[in-house]
Amino acid sequence: MDMKYFEFNKHEYWALIAADNVIKACEVYAEEVANESVVEVQKEGAVDEITREVAFGKFLNAVAHLEENKEKNLQDYLNDFNGHENQTVLITSELA
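Just so it is clear: in the sequence shown, position 58 is 58 by UniProt numbering, and no numbers are missing.
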């Protein structure tokens with residue numbers, strides 16, 4: 001199944017989540033990022049769905065400059081990006 005991408009930019013901690021739907025994205029955010037209930041996550045603010053292309057751009061921006069990724073090519077990054085299913089793709093550096 002093709003993943004959808006959700007940006008949590010109105011919440012305490014910024015995150016980009018790959019998920020089947022917005023409800024699953026809220027569940028992943030609650031479990032992996034916020035450590036709070038799904039209801040609390042939903043009350044905190046709306047979630048923005050972004051395109052796969054925009055999400056990949058954010059992913060590349062965040063990881064391409066890292067020293068451990070210097071040997072990777074574009075296909076490697078695409079494979080890494082596509083490997084995220086119902087999980088956090090990117091998270092604020094405060095929690096990394």
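Idealized CB from N, CA, C, for every residue including glycine.
In this structure, DSSP gives valine 47 a state outside helix and strand, which the three-state scheme calls coil. Judged by pairs of C-beta atoms under 8 Å, the region 37-51 does not touch the region 74-84, as fewer than three such pairs exist. By the neighbour-count definition (other C-beta atoms within 10 Å, threshold 16), threonine 88 is a buried residue. Cβ atoms of valine 22 and valine 47 come within 8 Å of each other, at about 6 Å. Here glutamate 67 is exposed: its Cβ has fewer than 16 other Cβ atoms, across all protein chains shown, within 10 Å.
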